[in-house]
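Have a look at the structure below before the remarks.
There are 4 protein chains.
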Amino acid sequence: MIIQLAKDITTAQHAQLEEQLKAINYKSNHVKTQFGDYIIGVGKKDFDIRTIGILEGVQDIHRVSDAYKLVSKKWKVQDTVIDLGDGVKIGGGHFQMMSGPCSIESEDQIEKTIQLLKDNEVKIMRGGVYKPRSSPYSFRGLGIDGLKMWYKMTRAAGIKIITEVMMTEQIDAMMDYVDIFQVGARNSQNFNLLDALGKVDKPIMLKRGISGTLDELLQAAEYIFSNGNERIMLCERGIRSYEKAYRNTFDINAIAMLKEKSHLPVIADPSHGIGVRRFVEPVALAGVIAGADGVIFESHHVPEKAFSDGQQTLNHQEASKLIQKIRKTHALREEMARM
Amino acid sequence: MIIQLAKDITTAQHAQLEEQLKAINYKSNHVKTQFGDYIIGVGKKDFDIRTIGILEGVQDIHRVSDAYKLVSKKWKVQDTVIDLGDGVKIGGGHFQMMSGPCSIESEDQIEKTIQLLKDNEVKIMRGGVYKPRSSPYSFRGLGIDGLKMWYKMTRAAGIKIITEVMMTEQIDAMMDYVDIFQVGARNSQNFNLLDALGKVDKPIMLKRGISGTLDELLQAAEYIFSNGNERIMLCERGIRSYEKAYRNTFDINAIAMLKEKSHLPVIADPSHGIGVRRFVEPVALAGVIAGADGVIFESHHVPEKAFSDGQQTLNHQEASKLIQKIRKTHALREEMARM
Amino acid sequence: MIIQLAKDITTAQHAQLEEQLKAINYKSNHVKTQFGDYIIGVGKKDFDIRTIGILEGVQDIHRVSDAYKLVSKKWKVQDTVIDLGDGVKIGGGHFQMMSGPCSIESEDQIEKTIQLLKDNEVKIMRGGVYKPRSSPYSFRGLGIDGLKMWYKMTRAAGIKIITEVMMTEQIDAMMDYVDIFQVGARNSQNFNLLDALGKVDKPIMLKRGISGTLDELLQAAEYIFSNGNERIMLCERGIRSYEKAYRNTFDINAIAMLKEKSHLPVIADPSHGIGVRRFVEPVALAGVIAGADGVIFESHHVPEKAFSDGQQTLNHQEASKLIQKIRKTHALREEMARM
Amino acid sequence: MIIQLAKDITTAQHAQLEEQLKAINYKSNHVKTQFGDYIIGVGKKDFDIRTIGILEGVQDIHRVSDAYKLVSKKWKVQDTVIDLGDGVKIGGGHFQMMSGPCSIESEDQIEKTIQLLKDNEVKIMRGGVYKPRSSPYSFRGLGIDGLKMWYKMTRAAGIKIITEVMMTEQIDAMMDYVDIFQVGARNSQNFNLLDALGKVDKPIMLKRGISGTLDELLQAAEYIFSNGNERIMLCERGIRSYEKAYRNTFDINAIAMLKEKSHLPVIADPSHGIGVRRFVEPVALAGVIAGADGVIFESHHVPEKAFSDGQQTLNHQEASKLIQKIRKTHALREEMARM
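Protein chains in written order, with the working numbering: chain U, 1 to 339; chain R, 1001 to 1339; chain A, 2001 to 2339; chain D, 3001 to 3339.
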């Protein structure tokens, strides 16, 4: 149950509300975000929600049967729009692409990527400075200094940054140099990290776990939201299946179903979703036609020399062509939505 | 190794060829199809294939490293086109839709489905008369009499039939009333059935197994081909994954990859691929944009009363709209292919 | 709902019973097996089963909520014992081992295997004469002649035969030379084959599908039972998972749970369950301690030269040692059951 | 490649070694643990390792082809023994059980659990004070105060504590009250946490990821080891599969294979491995007979009232019986190892 509080609710009204919930044996969680003030009531007893709805200080009340509450479309029917500033918006009809290398490597590499994005009017650059790697002996990223260099260059070019944060201790240092924090698949149930990102006023892109269910993904998003941050994107990046022909199995069903279950924007990641360069295009277009609010894909000026993920990374010529095709596919989807 | 034999190869030339293969310790399989005459040589020794290529009676020779041979694109670069007659073709640029109920139930139902197809210029009707059911106590289909009734009605309307065959004993009786034999997911490694269908001169649509790999699907197709029947379609219908939010997980990666691995047409089945009616559309369109040569989906005039699979079946209004959208999406794909 | 009919039920009583089921809108399935006479009623209406229980000709009546009925332990609490003759029994406290090669290859091979079994007092020999193979170009077994040769030799030695049947057309020819028909994992939902085996008075060992659920396995067994054959064993042989370190993932949970869900004997197949020779032993012993009624495993006098599955096949020395350990483990399980 | 350094290696010798590695283009990682001093060389060039082996200051050198190095049995053939003090050892022939509730709840609960353990001579108590929960609205544990209370009571009773740590910030505060740090399945690839635990001189029990591969588990262990901590246990706790009949699918194959791949002790967790109370016993015994060095399972004096995981938790009577059976099964395994 979600109780939306009035902006001008008084302390006394709030206390009365809490008391009433206690009376019916409901556990109450107070959630205060950038945009709203809510009480999430969790309990078993069935009761007429109007008895609470009519209380002073209550703006609205909704019953949500899902395990997740605030991220559910059952409560908030209108799609969430995330505004990154400078006219860059995601969700609720706004579509964005994000591209760039797996790892940030050098000034030269950043410069070339920025050129690619500017040439194609793409507004968000992806790249990793903290890399989760299976082996401790692999390259683990340039760290905060790489981020600062990167930020300086993108800022000048009017490009936004999305990059992965791996631990709570990194948040503060990264804060001023990041436009979207990404949570990686391996951290999708790192609940302390989610808690911490809920306290940050920056958008978060949350990747589905390696073999995460949609329910787990939405509950992970609920962690962030219930800690105070409403600006969340969900990212489908392929799941682990028995099939060995590709790195992951892109779950196209998830794109369609997440759009129904939640009001949050949904992003498709075809690069990890199939993991093979020459198939990134069809998977990307499939994600778009199925309803994604954005696409994130890996590109590099020389994929063969990339520090990581080269085998699933497009070169800039391929990337440019894909961007055009994504635009055309998105336009058709919009047209068909009006049929 | 595939050795394509000349049309006019003599018995003596053939014998010489076999001898040569024996000499290098290769097992030889003679394959004679509707369209060609081949020897599939399987062995370990590496040798200069030109020593065989120059023999009299040999038209061409190819090394194919995949476990499957004749269905591989490494050998036959040109896409296979399956001609059903009356101008209905699939593959190699020809795109088809197939729709109709899970189970054939009655004259009235067939009539209404035919009307749907004619109104939308769809040329192939799907439907089951032999139904594989998990429980022995479920409805198992109208059988051969249902097929005959159905055939009579579609024939009059100029519509083709695709329907599932479950066992070799059914083939002869069904033969005259079927345009495409379908092999179901549960029979995708029923090798005796595949052998038998290889001896039939009717197109086969082979569904991927419940948790079949692409390799297994292609080797199953190889069974059919190597028994003499080249007219095969591959069908992606969703795989079994850990995710419980849908019946199956449609594997969009498979569409893209099968098109590269094989010259055979690839069909998308979004109905089984997600198993939830209101998501059939986005999955179908995803399949098309990713490269499918056709789409098969379930429709019924009153899905709520269907004998089986009602929960994933579109009504006729939804079906009509989907058909239009599939056409538009396919047209865009063709347009983008020229970019 | 299972209605057990009295041995002396009259035609009139039977008709009255059917009428009563019709009156409450229950679909009735008449099942006559080697041992009993049943009506399986399937319907939705809730009613007092005693109204049927008191009818003349009804011996007993049970409500079974599972999708499977006759194979459920909710109905038949006593474990099924399968008697192969000559004192060889499986289930209900009787434990058996079955061993031998993947494929029957030669007289010499059979002779050596028989010696292994006799030396170790194992009563059942496994081996394939019809082999389901992924590739059409692989060795597919010696066929019926191989079976006859094999039968002649085992008969003389007092050893029973278990072997796979792949299609209904093979049943009659194999009938006199087989003690247990095996249904392979790829045929576990070949419903026509299951129907046909239900009409045969020989025990059946049914393997779980490549990625079959327990529910599907039990419903497959229900096919056999409801066609008239109560003598069924269930075999756990590993499932397909994402883990690539082994051929299959042996599902030890299944052993424990099948023993609770069904009264049928449960057999562990560690050879396919892990697919790596040096780990067959620990998996076999795990199956035994968890409750299996028997173990089937592959052995060969020279595994390195086996026609198929050599990499998961024990040599005779290893097999002898495993047999001893299985006996000790089984003895401990029996001892602990009394704790 | 693992280069074990001599205890008395000089700075000059070390420098020379590094130089030599650089010369052949090998990346060198210096690892200093409680017990040894190593250089892990990672590179592609093939060379005669004796050229390095003969250098002054080098004690030993090994080639390890696995992605993981220091945790591989290819290098360290002798099993690792973890000594918790007071005669409590795990691995290399030493077997331990660990039991207790999912969540630490109260003094009374701790007291009753301690009594269970003392009565059965079990030396290690499990319990959670930081609980990873899918939903942010669930009970998340008593935290550090709960841990301190718990520690005081177990200390007095001579019982060791194993409990989960969820983030690096918790390590310092927990340090003095913990005997074994547990890393949960959801954190199995939280590489920063693994790094941090590598710097702690306390044993770590690392759970396999929700759908982690053996390779990923071993590489996660390599993170800990390469940061300086050799005292690691690997825990199999069931994997995520398509089968919905149980919470997880216990991977018995993993027990057998991990024992071969690594010298680290392997622990079986049957509670999470099947997730159903009445099947914990057979799965536990299977884990033991297959080679586990220990078993961790959940128990509670009133499972029906447990704050979490009640459905998979044994009551104390069941727990006592299981402990006895585990001992008997382990004894048989030891006996059979000598056969």
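All C-beta atoms, glycine included, are put in the ideal place defined by N, C-alpha and C.
N- and C-terminal bounds of the beta strand (DSSP E) containing V1283(R): Boundaries around V1283(R) are those of the alpha helix (DSSP H), 1280-1289, since no beta strand (DSSP E) includes it.
Note down, one range per segment and in chain order, each alpha helix (DSSP H) of at least 4 residues found wholly within the region 148-199 of chain U. If only complete runs of 4 or more residues are kept, the region 148-199 of chain U shows the alpha helix (DSSP H) at 168-174, 191-197, in order along the chain.
Within-7 Å CB hit, F2250(A) to chain D: Closer than 7 Å: yes.
How about R966(R): is its C-beta nearer than 7 Å to some C-beta of chain D? Limits of chain R in this structure are 1001 at one end and 1339 at the other, which puts residue 966(R) out of reach.
For K2118(A), I'd like the list of residues in its chain whose CB is within less than 7 Å of its CB, leaving aside the five on either flank, ordered along the chain. Setting aside the 5 residues that flank it on each side, K2118(A) is surrounded in the same chain by A2157, each with a C-beta closer than 7 Å to its C-beta; the list follows chain order.
CA-CA distance, I3255(D) and R1231(R)? When the Cα atoms are used, I3255(D) and R1231(R) turn out to be separated by approximately 47 Å.
Between the Cα of G91(U) and the Cα atoms of F297(U), P265(U), S299(U), which residue gives the shortest distance? The residue with the shortest Cα to Cα distance from G91(U) is P265(U).
Closer than 8 Å at the beta carbon, the chain U residues around Y2246(A): Near Y2246(A) there are no residues of chain U at all, since even the closest Cβ is about 12 Å away, more than 8 Å.
R1240(R) touches chain D at which residues, Cβ-Cβ below 7 Å? The contact set of R1240(R) on chain D, defined by CB atoms closer than 7 Å, consists of Y3242 in chain order.
Could you tell me how far apart the beta carbons of R240(U) and H272(U) are, in whole angstroms, since I believe they sit closer than 8 Å? In fact, because the Cβ distance is near 11 Å, the residues do not count as touching under 8 Å.
DSSP three-state assignment for D60(U), whether helix, strand or coil: Correct three-state label for D60(U): strand.
Which of helix, strand or coil DSSP assigns to G1100(R): In the three-state scheme derived from DSSP, where H, G and I count as helix and E and B as strand, G1100(R) is classed as strand.
Please report the residue range of the alpha helix (DSSP H) in which Y1223(R) lies. Where Y1223(R) is concerned, the enclosing alpha helix (DSSP H) stretches over 1214-1226.
For chain A, find out if any of its Cβ atoms is closer than 7 Å to the Cβ of S3211(D); answer yes or no. Yes, because at least one Cβ of chain A sits closer than 7 Å to the Cβ of S3211(D).
Please give me, in chain order, every unbroken run of the beta strand (DSSP E) with length at least 3 that falls completely inside the region 2016-2083 of chain A. The region 2016-2083 of chain A contains these whole beta strand (DSSP E) runs: 2027-2032, 2037-2042, 2058-2062.
Which value, in whole angstroms, describes the spacing of the CA atoms of Q182(U) and E216(U)? In a straight line, the C-alpha of Q182(U) is about 17 Å away from that of E216(U).
So, does the region 2097-2114 of chain A touch the region 1031-1046 of chain R, judging by three or more C-beta pairs under 8 Å? These segments do not touch.
Answer yes or no: does any C-beta atom of chain A fall closer than 7 Å to that of S1028(R)? At a cut-off of 7 Å between C-beta atoms, S1028(R) does not count as an interface residue with respect to chain A.
Would you call the CB atoms of I2(U) and V64(U) closer than 7 Å? Result yes, Cβ atoms of I2(U) and V64(U) sit closer than 7 Å.
E2222(A) at chain R interface by Cβ criterion, 7 Å: For E2222(A), at least one C-beta of chain R is nearer than 7 Å to its own C-beta.
Measuring only the C-alpha atoms, how far is G287(U) from L3005(D)? Taking the straight line from one Cα to the other gives about 53 Å.
Relative to the alpha-carbon of I1054(R), which residue among Q1016(R), K1305(R), C1102(R), Q1312(R) has its alpha-carbon at the smallest distance? Cα-wise, what sits closest to I1054(R) is Q1016(R).
Delimiting residues of the alpha helix (DSSP H) encompassing G2273(A): Where G2273(A) is concerned, the enclosing alpha helix (DSSP H) stretches over 2270-2274.
Does the region 2151-2165 of chain A touch the region 2120-2131 of chain A, meaning 3 or more C-beta pairs lie closer than 8 Å? Contact holds: three or more Cβ-Cβ distances are below 8 Å.
Please compile the residues from chain A whose C-beta is within a distance smaller than 7 Å of the C-beta of F3279(D). For the C-beta of F3279(D), the chain A residues within less than 7 Å are, from N- to C-terminus, N2253, A2256, M2257.
For Q2004(A) and chain R, any beta-carbon pair shorter than 7 Å? No, Q2004(A) lies away from the interface with chain R (no Cβ there is under 7 Å from its Cβ).
Confirm, please, whether the CB-CB distance from I1267(R) to T1329(R) is below 7 Å. In this structure, I1267(R) does not lie closer than 7 Å to T1329(R) by Cβ.
Excluding the 5 residues preceding and the 5 following G2184(A) in the sequence, name in chain order all residues of the same chain whose CB lies nearer than 8 Å to its CB. Excluding sequence neighbours, G2184(A) sits near P2132, E2164, M2166, K2207.
6 Å Cβ shell around M2098(A) - same chain, five flanking residues per side excluded: I2124, R2126, I2162, I2296.
Taking beta-carbon pairs under 8 Å, can you tell me which members of the region 2321-2332 of chain A lie near chain D? Cβ contacts with chain D come from K2321, Q2324, K2325, K2328, T2329, L2332.
Integer Cβ distance of G238(U) from P1282(R), believed to fall under 8 Å: For G238(U) against P1282(R), the beta-carbon gap comes to about 17 Å, at or over 8 Å, which does not count as contact.
So, at 8 Å on beta carbons, what are the nonlocal neighbours of G1275(R) in its own chain, with the 5 sequence-adjacent residues on each side left out? Same-chain partners within the cutoff: G1238, Y1246, R1247, N1248, Q1311, Q1312.
Is there at least one Cβ from chain U nearer than 7 Å to N3192(D)'s Cβ? Contact of N3192(D) with chain U is assigned, a C-beta pair being separated by under 7 Å.
Could you tell me which residues DSSP puts in a beta bridge with M1205(R)? According to DSSP, which records beta bridges pairwise, M1205(R) is partnered with Q1182(R), M1233(R).
Contact set between V2042(A) and chain R, taken where Cβ atoms lie within less than 7 Å: Result: Y1137.
So which of N2227(A), L2116(A), Y2242(A), I2171(A) has the shortest CA-CA distance to S1211(R)? Considering only alpha carbons, the answer is Y2242(A).
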